[in-house]
Amino acid sequence: MIETMIAEAVLPVAATGFFGNLSGLDFLKMIQRKAEWLNKNRDKLTEAITP
Numbered sequence: 001m002i003e004t005m006i007a008e009a010v011l012p013v014a015a016t017g018f019f020g021n022l023s024g025l026d027f028l029k030m031i032q033r034k035a036e037w038l039n040k041n042r043d044k045l046t047e048a049i050t051p
């Protein structure tokens, strides 16, 4: 999931400097925060989705 978020964010930012109408830098900082949160909480998330 982390890899997918990064892959989806990088190409438009690299090409235009923006993601939609958002500043590329601000958007990538948000992606970084979300990736760090996912990494920190991966065990809890795995437990939540495992039957």
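Residues in the sequence shown are numbered from 1 upward in steps of one, following UniProt numbering. We put the beta carbon where it would ideally sit given N, CA and C, even for glycine. Fair warning: this is a prediction, and the values are worked out from it, not measured in the lab.
Task: Segment limits, alpha helix (DSSP H) that includes G24 - done: 24–40
Task: Host alpha helix (DSSP H) of E12 (start-end) - done: Reading the sequence as shown, one finds Pro at residue 12 and not Glu. Residues 2–16.
- [ ] Could you tell me if A48 is buried or exposed, where buried requires 16 or more neighbouring beta carbons within 10 angstroms of its beta carbon?
- [x] exposed
Open item on the list: Please state whether the Cβ-Cβ distance between M5 and I31 is less than 7 Å.
Closed with: yes
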